[in-house]
Amino acid sequence: MSKRLAYKLLAMAIVGVAAIFVTTGSYAIFKKPTIPAELRKKENA
């Protein structure tokens with residue numbers, strides 16, 4: 001396995017992780033998910 005291939009795989013992995021974060025982040029911003037009242041009560045208790 002050459003160094004060049006290793007760097008290429010590393011770059012692809014970083015891009016993949018970044019893409020996942022961007023898609024989930026934008027989904028959360030646009031959808032604005034709300035926590036149900038029951039879950040909120042349990043968290044604070």
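Quick note on numbering: the sequence shown equals residues 1 to 45 in the working numbering. C-beta atoms are modelled at their ideal positions from N, C-alpha and C, and glycine is treated no differently. Source: prediction; values computed, not measured.
Note down the Cα distance separating residue i from residue j, rounded to an integer number of angstroms.
i	j	result
residue 3	residue 16	20 Å
residue 27	residue 21	10 Å
residue 30	residue 36	18 Å
residue 69	residue 14	One cannot answer for residue 69 here, as it falls past the ends of the chain, which runs 1 to 45.
residue 7	residue 25	27 Å
residue 86	residue 23	Shown here, the chain extends from 1 to 45; a query on residue 86 therefore has no answer.
residue 1	residue 34	48 Å
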